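Residue numbers (the working numbering), protein chains in the order written: chain A, 233 to 494; chain B, 142 to 389.
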Amino acid sequence: NQSVRPDGRGLFKSRKTTLSVGVVSTADGSALARLGDTSVMCGVKAELARPTLTAPREGWLVCNVEMPGMCSAQFRERDNSMRASSSLSSQLQRLLVGSNVVSPAALLVAEGKLAWVLHVDVWCLSYDGNVLDAAVLVVLAALKSLRLRRVEVAEDDEAAKPQVTSDDRVALSLGALPIPTSFGMVEGAPGGVGGAAARTVVFVDPSSEEEELVNANFYIAADAEGRLHGISKAGDAELSKNVTITCAEMARARAKKRKQLI
Amino acid sequence: MSKIEFLSPEGLRVDGRRPAELRMITSRLGVFDQADGSAYFAQGNTKVLATVYGPHEPSSRMRMRHDRVFLNCEFSQASFASTQRKKRSKGERGMTELEVIIVDTFEPVIMGNLYPRSQIDIYIQVLQSDGGDLCACVNAATLALVDAGVAMKDLVCACAAGSIDTQPILDVNYLESQADGPSVPVAILPKSKSVLMIQLESRLHVEQFSHVLDLAVEGCHQVGRLMEATIRENVEALAASVGAQNLN
Chain A
233 NQSVRPDGRG
243 LFKSRKTTLS
253 VGVVSTADGS
263 ALARLGDTSV
273 MCGVKAELAR
283 PTLTAPREGW
293 LVCNVEMPGM
303 CSAQFRERDN
313 SMRASSSLSS
323 QLQRLLVGSN
333 VVSPAALLVA
343 EGKLAWVLHV
353 DVWCLSYDGN
363 VLDAAVLVVL
373 AALKSLRLRR
383 VEVAEDDEAA
393 KPQVTSDDRV
403 ALSLGALPIP
413 TSFGMVEGAP
423 GGVGGAAART
433 VVFVDPSSEE
443 EELVNANFYI
453 AADAEGRLHG
463 ISKAGDAELS
473 KNVTITCAEM
483 ARARAKKRKQ
493 LI
Chain B
142 MSKIEFLSPE
152 GLRVDGRRPA
162 ELRMITSRLG
172 VFDQADGSAY
182 FAQGNTKVLA
192 TVYGPHEPSS
202 RMRMRHDRVF
212 LNCEFSQASF
222 ASTQRKKRSK
232 GERGMTELEV
242 IIVDTFEPVI
252 MGNLYPRSQI
262 DIYIQVLQSD
272 GGDLCACVNA
282 ATLALVDAGV
292 AMKDLVCACA
302 AGSIDTQPIL
312 DVNYLESQAD
322 GPSVPVAILP
332 KSKSVLMIQL
342 ESRLHVEQFS
352 HVLDLAVEGC
362 HQVGRLMEAT
372 IRENVEALAA
382 SVGAQNLN
């Protein structure tokens with residue numbers, strides 16, 4: 233009634249977010265994010281491969297999210313874990329590729345011969361709701377910290393053997409950062425003591441306890457400049473146009489704040 | 142072609158350590174609130190996370206034992222954990238073997254008769270691998286079990302030793318383990334000084350074996366003292382927070 237949630241937060245308050253970069257030295261880029269008690273780690277490994285025939289001037293990204301049994305009791309069942317992993321992996325891949333945050337052309341080394349493939353692996357270490365927001369944050373931070381070796385291929389070299397040209401490494405230049413904000417929706421919460429009409433309550437950053445209770449959840453991914461990069465909604469609560477616009481504005485404000493974190 | 146000098150004339154190893162020197166160890170208990178028990182254990186560049194869930198109802202009737210707890214271990218390693226990207230999927234033989242070793246190591250130590258018809262899950266995640274993985278996993282699991290409040294007879298402390306030429310070395314890292322020399326991970330129960338787990342996969346002369354084993358056991362004791370110190374710190378912090386509440 234007072235718009236306070238079980239953990240004491242207001243409807244539009246996110247949990248405390250911390251981000252550390254460079255946590256795993258065997259990865260080319262890595263980061264660890266904590267959103268409340270949800271902990272997510274990302275490692276990026278860059279490998280060289282022959283570009284595909286249909287896109288000879290591009291490298292590419294391969295995203296994978298793992299929700300291992302260790303992150304929560306609900307993922308003990310292999311099926312649950314795989315279902316969550318697959319759906320998050322494809323959401324993440326779509327968001328990153330669609331927003332063009334890493335331009336595939338920037339990953340090229342030699343046309344038709346050699347390009348960088350970035351293997352982005354996200355591991356959820358502890359699950360307390362809202363993995364998507366944490367996962368994207370951690371991937372963007374890891375990509376920002378990624379340093380690629382300078383590699384060249386000789387013009388006449390058909391076998392495309394990569395030659396390391398110097399010892400220093402190059403950072404990737406990233407495009408606009410698509411930062412998602414996840415919302416939960418609960419329908420039919422009574423508006424007041426006097427039996428007021430049931431209304432839909434929308435709130436930010438659901439914890440796992442809240443995720444079990446929502447009728448629907450959705451995320452809006454925006455960048456600091458106000459462009460939208462992705463929206464996804466599933467579930468049965470109705471989302472009115474006004475609410476959508478308000479949430480989009482909120483997502484954009486959050487994206488500005490979160491960008492500073494990264 | 143330059144050959145890596147594993148033991149310099151001054152007696153220093155590739156990472157500057159002396160033969161009987163452990164890598165730097167950092168450990169923390171209670172890193173996650175979701176799990177019943179969790180711990181982070183880092184030995185040099187080898188970083189391992191362990192979480193414990195349980196005791197809880199067994200996930201299938203087949204696992205239910207009427208007089209003892211059922212111990213389950215699941216091991217996973219991120220593909221970015223090793224220098225070469227290696228995707229280790231579930232059911233891979235090396236991983237399953239490790240899970241079996243962990244269960245066999247902890248089975249006699251956990252007081253299983255206190256938790257009949259229940260299951261305890263130990264999840265181990267290797268974040269970064271630089272040699273001594275099995276030992277770091279065992280140590281992390283011990284701390285996570287302590288954090289979960291599972292009754293155990295003693296702490297299980299593990300450390301690996303090997304040898305370069307005939308010089309026994311303690312706490313073998315990845316580079317040294319690739320050098321064709323033996324690596325012997327050992328786990329002990331410090332109070333009873335008994336050896337709980339020992340593995341050897343390469344050749345080691347019988348004469349050298351007792352020296353290497355002695356060094357490994359000494360390393361385990363050192364690790365045990367460090368783990369005990371971490372546990373004490375953790376309990377003191379907990380006691381302080383509870384004590385503070387009582388005063389209010």
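All C-beta atoms, glycine included, are put in the ideal place defined by N, C-alpha and C. Bear in mind the structure is a predicted one, so any value in this text is a computation, not a measurement.
For a test of the three-state rule: what should DSSP assign to residue i, helix, strand or coil?
i	result
LEU372 (chain A)	helix
ASP400 (chain A)	strand
SER246 (chain A)	coil
MET165 (chain B)	coil
GLY152 (chain B)	coil
ALA428 (chain A)	With a pLDDT of 44 at ALA428 (chain A), under the threshold of 50, the modelled position of that residue is not reliable, and the figure given next carries that caveat. ALA428 (chain A) falls in the coil class under three-state DSSP.
ASN474 (chain A)	helix
MET293 (chain B)	strand
LYS489 (chain A)	helix
GLY253 (chain B)	helix
TYR194 (chain B)	strand
GLY235 (chain B)	helix
MET482 (chain A)	helix
GLY423 (chain B)	Only positions 142 to 389 of chain B appear in this structure, which leaves residue 423 (chain B) out of reach.
ARG315 (chain A)	helix
ILE261 (chain B)	strand
PHE350 (chain B)	helix
ASN213 (chain B)	strand
VAL236 (chain A)	strand
THR404 (chain B)	Nothing about residue 404 (chain B) can be read from this structure; chain B reaches only from 142 to 389.
GLY157 (chain B)	coil
TYR181 (chain B)	strand
TYR451 (chain A)	strand
GLU457 (chain A)	coil
List the residues of chain A whose Cβ lies closer than 8 Å to the Cβ of residue i, in chain order.
i	result
SER223 (chain B)	THR258
LEU153 (chain B)	Within chain A, no residue comes near LEU153 (chain B); the closest Cβ sits about 22 Å away, beyond 8 Å.
GLN319 (chain B)	Near GLN319 (chain B) there are no residues of chain A at all, since even the closest Cβ is about 15 Å away, more than 8 Å.
SER200 (chain B)	ARG308, GLU309
Using alpha carbons as the reference points, say which of the options lies closest to residue i.
i	options	result
THR167 (chain B)	B:LEU354, B:ALA183, B:ARG258, B:GLY178	B:ALA183
LEU339 (chain A)	A:LEU369, A:ARG282, A:ARG310, A:ASP360	A:ARG282
VAL353 (chain B)	B:ASN375, B:LEU148, B:VAL155, B:ALA161	B:ALA161
LEU320 (chain A)	A:GLY330, A:ASP468, A:LEU364, A:VAL370	A:LEU364
ALA316 (chain A)	A:GLN325, A:MET273, A:GLY291, A:MET299	A:MET299
GLU238 (chain B)	B:VAL193, B:LEU268, B:LEU255, B:LEU275	B:LEU275
ALA277 (chain B)	B:GLY253, B:ILE243, B:LEU153, B:MET252	B:ILE243
ARG401 (chain A)	A:VAL352, A:GLU384, A:GLY407, A:ASN447	A:GLU384
LYS277 (chain A)	A:ASP353, A:GLY330, A:ARG247, A:SER304	A:ASP353
GLY242 (chain A)	A:PHE435, A:LEU372, A:VAL475, A:GLY467	A:PHE435
GLY301 (chain A)	B:ARG209, B:VAL172, B:MET252, B:CYS214	B:CYS214
GLU387 (chain A)	A:ARG381, A:VAL341, A:MET417	A:VAL341
VAL297 (chain A)	A:GLY344, A:GLY291, A:LYS489, A:SER322	A:SER322
SER271 (chain A)	A:SER335, A:LEU280, A:SER252	A:SER252
LEU190 (chain B)	B:SER217, B:MET203, B:GLY253, B:ARG373	B:SER217
At 8 Å on the CB atoms, spell out the chain B contacts of residue i, in chain order.
i	result
LYS277 (chain A)	SER220, PHE221, ARG226
HIS351 (chain A)	SER220, PHE221, ARG226
GLY262 (chain A)	It is Ser, not Gly, that sits at residue 262 (chain A) in the sequence shown. In chain order: PHE221.
For a contact defined as C-beta to C-beta under 7 Å, what are the partners of residue i on chain A?
i	result
TYR85 (chain B)	What is shown of chain B runs 142 to 389, which leaves residue 85 (chain B) out entirely.
THR192 (chain B)	MET302
Show which residues of chain B have a CB atom less than 7 Å away from the CB atom of residue i.
i	result
SER271 (chain A)	PHE173
For residue i, return the contacting residues in chain A, with the cut-off set at a CB-CB distance below 9 Å.
i	result
SER217 (chain B)	GLU298, PRO300, GLY301, MET302, TRP355
THR167 (chain B)	Residues of chain A passing the Cβ test: none, with the nearest at roughly 13 Å.
GLN363 (chain B)	The contacting residues do not exist; GLN363 (chain B) stays about 24 Å from chain A at best.
ASN314 (chain B)	Result: empty, since nearest Cβ-Cβ is about 13 Å, beyond 9 Å.
Apply the 10 Å Cβ neighbour rule to residue i and answer buried if 16 or more other Cβ atoms are within range, or exposed otherwise.
i	result
ASP306 (chain B)	exposed
ILE477 (chain A)	exposed
THR187 (chain B)	buried
Identify the contact partners of residue i in chain B, using a Cβ-Cβ distance below 9 Å as the criterion.
i	result
ASP399 (chain A)	Near ASP399 (chain A) there are no residues of chain B at all, since even the closest Cβ is about 17 Å away, more than 9 Å.
- Report yes or no: do three or more beta-carbon pairs, one from the region 303-322 of chain A and one from the region 407-420 of chain A, lie closer than 8 Å? no
- Please confirm if the region 239-248 of chain B is in contact with the region 332-351 of chain B, defined as three or more CB-CB distances below 8 Å between the two stretches. yes
- Any 3 or more C-beta pairs closer than 8 Å across the region 291-303 of chain B and the region 351-369 of chain B: yes
- Item | the region 257-264 of chain B / the region 198-212 of chain B touching (three or more Cβ pairs under 8 Å) | yes
- Message: Quick check: the region 325-337 of chain A against the region 445-465 of chain A, are at least 3 beta-carbon pairs closer than 8 Å?
- Response: Contact between the region 445-465 of chain A and the region 325-337 of chain A is present: three or more C-beta pairs spanning the two stretches fall below 8 Å.
- Message: Using a Cβ distance threshold of 8 Å, determine whether the region 254-264 of chain A contacts the region 468-482 of chain A, with at least three qualifying pairs required.
- Response: No: the two stretches stay apart, fewer than three of their Cβ pairs being nearer than 8 Å.
- Task: Would you check if there are 3 or more beta carbon pairs closer than 8 Å linking the region 281-293 of chain B to the region 179-193 of chain B?
- Result: yes
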